[in-house]
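Those protein sequence lines, which keep their order, are chains A and B. Quick note on this note's numbering: the first sequence kicks off at 18 and runs consecutively. Quick note on this note's numbering: the second sequence kicks off at 13 and runs consecutively. Virtual Cβ for every residue (Gly too), placed ideally from N, Cα, C. Since this is a predicted model, take the numbers as computed values, not measurements.
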Amino acid sequence: MGFNEMHAEAVAGVVDRVINRYKRDPTCMLQILREVQESCDWIPPEAIDRMQAMLGVPRTKIEGVAGFYSFIYTEPRGKYRVLFSDNITDRMQGNRAMMERLCNNLWVERGKVSEDGLVSVGKTACTGLCDQGPGMMVNNYAIGGMSEQRIDEIAELIRNKVPLAEWPPAYFKIEDNIRRADILLNADFKPGEALLAARARAPSDGLNASNMRSWREGLPSGIGGPGATLDEIKRSGLRGRGGAGFTTGLKWEACRNAQLKAGHQRIVVCNADEGEPGTFKDRVLLSKCPDLVFEGMTVAAYAIGATRGFVYLRGEYRYLLDHLNAVLAHRRRENLLGKDICGLPGADFDIEIHVGAGAYVCGEESALIESLEGKRGTPRNRPPFPVTNGYLDQPTIVNNVETFAAAAMIALNGGEWYAGIGTKHSSGTKILSVSGDCARPGIYEYPFGISIRQVLEDCGATDTQAVQVSGPSGVCVDASEFDRIIGFEDIPTAGAFTIFNKTRDMFEVARNYVHFFQHESCGFCTPCRVGTSLLKNLMDKLHYGSGSPYDFAEIEKLNQLLQSMSHCGLGHTACNPVLDTIAKFRPYYEKRMMQQDFTPAFDLDRELSAARQMTGRDDAGAHLVTEHGGQA
Amino acid sequence: MSYTFTLDGKVIPFADGQTIIQAASAAGVFIPHLCYHPEFKPHGSCKLCTVRVNGRHTASCTMRASAGMVVESETEEINAERRALTQMLFVEGNHFCPSCEQSGNCQLQATAYHLGMMSPHYDHFFPNRPVDASHPEVLLEFNRCILCSLCVRASRDVDGKNVFALSGRGIKTHLIVNAKSGAAGRYGLRAG
Ligand SMILES: Cc1cc2nc3c(=O)[nH]c(=O)nc-3n(C[C@H](O)[C@H](O)[C@H](O)COP(=O)(O)O)c2cc1C
Ligand code: SF4
Ligand code: FES
Ligand code: FES
């Protein structure tokens, strides 16, 4: 029997156990698949048979879901599944050489399973370890600080088939690296405090009407607390920290005002998908102050009258799951979750954690909700919006981890206090995930209004050429713009702050980002599904020296099309890194424009590389010299 | 109750709940489309039916009509974008009209003609998609699939059978058949 083979009865046993724990609920499909895989190493056809029978769901649906997520395998991928993080920062830290080293050590080809079926080595999108990279994952557990020595040790462990649980714990230690803390990361906060403050808050002027509404709907009223809490959130001016910057108070109010159909309830969802390359602040918030985040969710539930909550945790952060569940269990014991929270009759709310499985698009709120429902993570058609028709068609708010943390502090200290921090248009603080070329990468929390230059100085960046703010879907800022500030009025950000010094090739940065978008496009709509592939091909064409000025025009046209025709934000922003770098770092492109006139992307010599690999030849006779560039 | 909106300046009446494309076709105005079919729930994925509503692009097969909307459809700009989308679909799959048995009776081809598409423009992807001929009566020619999901919806919503689904992600999205072997002849799709 191979490493990934199990008897059909054993597989059925695993499936039964998992499905029963999820109460045979097909909306938990992704969680079921993920947990079955944790036991079986992949999803064998027998597991799908059993799921089909137990859940009463057609096979096509199960396979459709399994096929969507990068971390769910419907083919054996080995006992050890190694994935190297392939963000641009990992590249800068030398992940490619390390991957080669591991492959050579283990006699396995990149992207393939070893011949004995023991191990596979591949790459994956940014794992959020940019400040301690290069990062990798083994069987979905994150390992940072990869070095040649560590690679050799890991190869040894795998060759000796040492179970993951017996690997040195030091590998799995992920640092918080908090370099600058402010009101959130420094919060002097005891679990429950914000809820008690919310409950005690007297209704303020003008809000009695909405308080009456909550009475009528049987929301916990506790002397008018919910409406008053909502009012504090509005007064704070808090805007979403997940990227789009929507005003939190308005979102919550819209959800609270949405009519409830019979049997429905309101839902609070915490978006911890954190897939934007270069962003890792939600990881640190969840690791350092989970209570603050959960409390913020509970405050939201109280304010809008929600009774069910979810955290959608990205698969890369699987290692946080057990700890987070322990914190939730503790909060239940302390009556901070569950029934009659803080002794308030009718204040019922609980939180469950769903873990993603390698799909950036699931950070988009409607795709996230689809995924929570156990489906493929395809963004929905809007309107209707989640605040009225979200999880299982119920009114739902989706907010970022940091938004909830801020909401807890606002419930505690009041909206006015919060609005006094930051700038006029951007109240409060922003947590930046700083990585790339600097002496002190890590987490920096600043009041809004901080300049790029100040951040660069604080983290010890010298000779900086560019900063990518807010990841590939954000903006690339060059040295002439370093006095610009972080804030909704100037440069909004979801938190990524990736630094490139003057030795970096900004074309390769953009190319890495384009590959990311191509890999993460959900494939639902034509412009993004095909357009991101076309863009990737164009960037590769330039990379291989077949570019001509004609290709600039093509990129520009693709951008127009993706902007206007795409279904969701992923497609809308997919061209950003290319347009920004063309505008600001054109010489890197011109260097590659070796052709004056249009030149086809097809290169005969490059096409022969597969044949060379098969025959093990790489001598001069195995190459063709072609007109343009030739031996790439 | 009936209301109106304008489509390229023409006044179009609509009933509550109608989408833009439904109201337009009821009024005899054609909007190019591929994944929309009047009998099935709209999908909104091919984006061919995109129009501009009050200046913003949106799929007319999923957007409900509302009173006073100003909709643009037959503009140079939008048709150029639709043409580009059609070209994308052509290069993504393997569509060789001269040798295709559906030639002359194909909505993709008709759309390309309608939009004045003269060439595929982009480089072909030439994907490797094996044909499924395991079924006695139905040939599944995946090379021609444009992922419109009409077959998925017809089977799921009308026949209640769930014979088809989309799997994979991104450019690797593909149609699957309800059968353990992945081939149509074995299960799911039954003759007659
Ligand atoms: C492709 C895509 C990916 C996204 N990823 C995330 C994410 O990882 N985390 C997040 O909080 N928001 C993400 N968003 C934004 C969410 O759709 C949504 O706006 C956000 O969760 C709302 O929370 P906020 O108002 O607190 O920011 C993403 C959006 C798009 C289009
Ligand atoms: S824009 Fe891209 S990610 Fe968004 S729905 Fe379309 S294919 Fe999916
Ligand atoms: S016909 Fe409307 S998106 Fe396809
Ligand atoms: S044949 Fe392609 S989706 Fe139906």
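Proximity to residue i [Cα-Cα], best of the options
{"i": "P489 (chain A)", "options": "A:G128, A:V531, A:S164", "result": "A:V531"}
{"i": "I358 (chain A)", "options": "A:R325, A:P61, A:I168, A:Y336", "result": "A:R325"}
{"i": "E170 (chain A)", "options": "A:N203, A:R118, A:G145, A:G139", "result": "A:R118"}
{"i": "Q535 (chain A)", "options": "A:L135, A:C542, A:A187, A:R546", "result": "A:R546"}
{"i": "E290 (chain A)", "options": "A:T144, A:L449, A:D107, A:G459", "result": "The sequence given here has Asp at residue 290 (chain A), not Glu. Comparing Cα positions, the closest option is A:T144."}
{"i": "F42 (chain B)", "options": "B:V23, B:F26, B:I33", "result": "B:I33"}
{"i": "E55 (chain A)", "options": "A:L385, A:G504, A:M631, A:L181", "result": "A:L181"}
{"i": "H589 (chain A)", "options": "A:G432, A:A600, A:A618, A:A261", "result": "A:A261"}
{"i": "M582 (chain A)", "options": "A:G548, A:I572, A:N554", "result": "A:G548"}
{"i": "G40 (chain B)", "options": "B:F52, B:P25, B:C47", "result": "B:P25"}
{"i": "G80 (chain B)", "options": "B:H45, B:E51, B:D20", "result": "B:D20"}
{"i": "E104 (chain B)", "options": "B:T31, B:N155, B:G172", "result": "B:N155"}
{"i": "D614 (chain A)", "options": "A:L579, A:F602, A:D568, A:I191", "result": "A:D568"}
CB contact below 8 Å: residue i versus chain B
{"i": "E132 (chain A)", "result": "no"}
{"i": "G453 (chain A)", "result": "no"}
{"i": "N112 (chain A)", "result": "no"}
{"i": "G73 (chain A)", "result": "no"}
{"i": "K78 (chain A)", "result": "yes"}
{"i": "F88 (chain A)", "result": "no"}
{"i": "G84 (chain A)", "result": "yes"}
{"i": "G633 (chain A)", "result": "no"}
{"i": "A376 (chain A)", "result": "yes"}
{"i": "A618 (chain A)", "result": "yes"}
Helix, strand or coil at residue i [DSSP, three-state]
{"i": "P464 (chain A)", "result": "strand"}
{"i": "E153 (chain B)", "result": "coil"}
{"i": "R202 (chain B)", "result": "Unreliable placement is indicated for R202 (chain B), whose pLDDT of 49 sits below 50; no coordinate value is reported for it."}
{"i": "S383 (chain A)", "result": "helix"}
{"i": "H11 (chain B)", "result": "With chain B covering 13 to 204 only, the question about residue 11 (chain B) has no answer from this structure."}
{"i": "V53 (chain B)", "result": "In the sequence as presented, Val is not what sits at residue 53 (chain B); that position holds Lys. Coil at K53 (chain B), not helix or strand."}
{"i": "K553 (chain A)", "result": "helix"}
{"i": "I158 (chain B)", "result": "coil"}
{"i": "M153 (chain A)", "result": "strand"}
{"i": "V82 (chain B)", "result": "strand"}
{"i": "C163 (chain B)", "result": "helix"}
{"i": "S14 (chain B)", "result": "strand"}
{"i": "L202 (chain A)", "result": "coil"}
{"i": "I438 (chain A)", "result": "coil"}
{"i": "H45 (chain B)", "result": "coil"}
{"i": "V642 (chain A)", "result": "coil"}
Any C-beta of chain A under 8 Å from that of residue i
{"i": "M129 (chain B)", "result": "no"}
{"i": "D20 (chain B)", "result": "no"}
{"i": "E104 (chain B)", "result": "yes"}
{"i": "G56 (chain B)", "result": "yes"}
{"i": "G182 (chain B)", "result": "yes"}
{"i": "I32 (chain B)", "result": "no"}
{"i": "L101 (chain B)", "result": "yes"}
{"i": "L97 (chain B)", "result": "yes"}
{"i": "F108 (chain B)", "result": "no"}
{"i": "T16 (chain B)", "result": "no"}
{"i": "A177 (chain B)", "result": "yes"}
{"i": "K59 (chain B)", "result": "yes"}
{"i": "Y48 (chain B)", "result": "no"}
{"i": "D266 (chain B)", "result": "Within the shown structure, residues of chain B are numbered from 13 to 204, placing residue 266 (chain B) beyond reach of any answer."}
{"i": "D135 (chain B)", "result": "yes"}
{"i": "K206 (chain B)", "result": "Only positions 13 to 204 of chain B appear in this structure, which leaves residue 206 (chain B) out of reach."}
{"i": "E93 (chain B)", "result": "yes"}
Residue environment, residue i, which counts as buried when at least 16 other CB atoms sit within 10 Å
{"i": "L575 (chain A)", "result": "buried"}
{"i": "A428 (chain A)", "result": "buried"}
{"i": "E506 (chain A)", "result": "exposed"}
{"i": "H442 (chain A)", "result": "exposed"}
- Message: Does the contact criterion of 3 or more C-beta pairs under 8 Å hold for the region 137-150 of chain B versus the region 352-371 of chain A?
- Response: no
- Task: Could you say if the region 52-70 of chain A and the region 168-183 of chain B meet the contact criterion of at least three C-beta pairs nearer than 8 Å?
- Result: no
- Inter-stretch contact (C-beta, 8 Å, three-pair minimum) for the region 447-467 of chain A and the region 266-276 of chain A: no
- Query: On the three-pair Cβ rule with 8 Å, is the region 304-314 of chain A touching the region 399-414 of chain A?
  - Reply: no
- Query: How about the region 436-454 of chain A and the region 511-521 of chain A: do they share at least three Cβ pairs that are nearer than 8 Å?
  - Reply: A contact exists between the region 436-454 of chain A and the region 511-521 of chain A.
- Item | Stretch-stretch touch, CB-based, cutoff 8 Å, three pairs: the region 77-86 of chain A with the region 409-421 of chain A | no
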